[in-house]
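The opening position of the sequence shown corresponds to residue 49 in the working numbering, with each subsequent residue numbered one higher.
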Amino acid sequence: MPLQKSSESKSWSQQELKENRDIISALWDKNIVVFNPEAVNRLKKMMIENFNVPKSEVERIFSAKDFDVFFKACVQYLPSCDIWGLDYSEKLGITPTQDSATKITERDLEHIEQYRQATNIAASYSVACLASDEKLHSPSWQQQKPYAIHSIGKVFTGALMLRMIEEGIIPESKLNEPIKNQLSPEVWKNLPEKIKQHLEENKVTLHQVMIHQGGLGDYLDSYLKEIKRALDCEMPIPEIKEPEDFLSYADDNIFKVGEDHYSNLGILLVGLAIKQACQNKNYDEILDHYILQGAKIECAIHKPKEAIYDENDKLAPHIAGGPAGGYWMTAHDLAKFGSWLYKKSQDSKFMSLMEKYGQEFYYPEYKVILHNGGIPSSSAHLVVSVENGMIISVLSNQARKAIELGAAIRRHLFRDPERLNVKENKDQTSAEPNSTIQKRPTL
């Protein structure tokens with residue numbers, strides 16, 4: 049939909065340019081002018097590893113010792129949300145950090161759309177603030193078509209586990225017991241020997257696996273390689289009918305138990321433990337009964353015919369969903385799931401369980417449920433405030449762009465002091481999970 053530029057105020061892009069300059073200037077004064085070698089090396093590493101800036105280019109930027117060179121490079125290579133992330137992590141205190149309740153208007157949706165077009169982001173989105181009204185706001189001009197939600201599927205699995213405890217299907221005490229005893233004999237048999245030995249010897253618990261501290265690895269890389277091989281050889285695509293079908297792609301990499309190591313295999317086993325507790329009922333039926341029906345949403349394991357994806361990525365349409373991620377749904381339905389999570393969080397029992405066991409997706413210091421997801425050709429973002437019902441869901445067929453747009457919506461709608469007419473607490477400058485730089489890889 050073509051939109052007229054607003055004359056009411058500066059555009060979001062103009063606001064960001066000024067704010068980014070203030071952040072980069074403060075960063076320059078704090079770490080470059082006085083030369084903090086630890087901070088400089090951290091910045092260099094971030095540019096090289098997270099944004100694929102050539103090492104020679106990074107050295108050129110820093111050796112120039114010129115603010116304009118440094119500023120132009122930061123703006124060129126770093127999305128705004130990651131510049132804001134530097135503000136938080138370096139405790140510069142430039143950008144607002146408080147999410148506030150606000151009423152979403154049609155004009156707000158137009159501002160989002162203007163920003164989306166100005167930044168060349170292809171995405172579908174939905175936004176709400178349930179403390180102000182019950183409505184989920186999706187632009188009327190936006191077609192609601194499914195996208196892959198990638199690792200946001202892990203939030204469904206985590207929430208489903210909490211529902212299992214809530215319903216008494218899995219006793220809470222079981223979360224601190226070895227996961228080995230909570231998997232079916234068939235699942236255990238199909239795990240790599242090295243993984244079985246690791247789980248057995250270390251008595252890895254169900255909760256450790258839920259929060260990526262079980263010392264397990266992945267299955268996604270092997271699964272994608274098999275899809276590619278099938279396409280290259282014009283063979284049938286690997287068929288996924290049940291979550292157990294992913295086990296044949298499990299790698300046998302192991303890591304130290306108790307340390308964070310993102311694991312798609314681990315979350316897959318969480319889903320299979322749920323299935324075992326439900327007497328091996330179909331996993332998708334369990335998910336449907338305990339979450340999807342209540343949230344009144346649709347979710348597909350395989351790509352729906354009308355789904356949107358990057359057609360240059362030949363693997364993308366063939367990736368099946370499961371407990372670790374990869375489901376397909378619309379941004380509006382993802383926001384409805386966010387609404388369901390918000391309403392569930394108002395129940396003290398569910399909230400207590402989420403605080404104890406939901407570390408995979410719940411950040412208690414910010415009172416938000418947040419998860420990103422993506423592959424090199426698409427991305428997904430969901431954030432839900434359990435305090436004010438802020439919900440932002442964004443799905444894109446571009447890498448990282450859903451996360452960037454989601455962060456911009458949060459910044460400009462829920463954190464702009466002028467818009468909200470609230471006094472910002474400048475002391476709240478601790479780092480938060482809002483940038484595209486992930487501690488956790490995503491599916």
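A virtual CB, placed ideally from N, CA and C, is assigned to each residue, including glycine.
{"Check": "Nearest to Gln261 (by Cα), restricted to the options Gln165, Gln407, Lys384 and Ser148", "Outcome": "Gln407"}
{"Check": "Start and end residues, beta strand (DSSP E) containing Asn420", "Outcome": "Val416 to Ile423"}
{"Check": "Own chain partners of Phe398 with C-beta closer than 7 Å, once the 5 adjacent residues on each side are dropped", "Outcome": "Leu210, Glu214 and Lys392"}
{"Check": "Entirely enclosed beta strand (DSSP E) segments - the region 136-221, minimum 3 residues", "Outcome": "171-177"}
{"Check": "Assigned exposure category for Met377 - 16 Cβ within 10 Å defines buried", "Outcome": "buried"}
{"Check": "Exposure of Gly437, with buried meaning 16 or more beta-carbon neighbours within 10 Å", "Outcome": "buried"}
{"Check": "From Asp308, Asp269 and Leu279, residue whose alpha carbon lies closest to that of Ser296", "Outcome": "Asp269"}
{"Check": "Beta-carbon spacing of Val186, Ala447 below 8 Å", "Outcome": "Checking the sequence, you will find Ser at residue 186 rather than Val. In this structure, Ala447 does not lie closer than 8 Å to Ser186 by Cβ."}
{"Check": "For Leu430, the residue or residues it bridges with in DSSP", "Outcome": "His419 and Ser441"}
{"Check": "Contact under 8 Å by Cβ, Lys276 with Leu134", "Outcome": "no"}
{"Check": "C-alpha distance - Ala493 paired with Ser188, whole-angstrom precision", "Outcome": "Any answer about residue 493 is impossible in this case: the structure gives the chain only from 49 up to 491."}
{"Check": "For Pro226, the residue or residues it bridges with in DSSP", "Outcome": "Thr253"}
{"Check": "Tyr405 versus Tyr195: straight-line alpha-carbon distance, rounded", "Outcome": "28 Å"}
{"Check": "Cβ neighbours of Met258 in the same chain (closer than 7 Å, five flanking residues each side left out)", "Outcome": "Gly206, Met209, Val318, Tyr405 and Glu408"}
{"Check": "Where Ala372 sits in the DSSP three-state scheme", "Outcome": "coil"}
{"Check": "Integer-rounded CB distance, given that Pro371 should sit under 8 Å from Leu316", "Outcome": "5 Å"}
{"Check": "Met377 (DSSP reduced to helix, strand or coil)", "Outcome": "strand"}
{"Check": "Residues near Asn68 in its chain [Cβ-Cβ closer than 7 Å; skip 5 each side]", "Outcome": "Val123, Ser128 and Ile131"}
{"Check": "Cα-Cα separation, Pro513 to Lys78", "Outcome": "With the chain represented from 49 up to 491, any question about residue 513 goes unanswered, as that position is not in the structure."}
{"Check": "Collapsed DSSP secondary structure at Ala298 in the structure displayed", "Outcome": "coil"}
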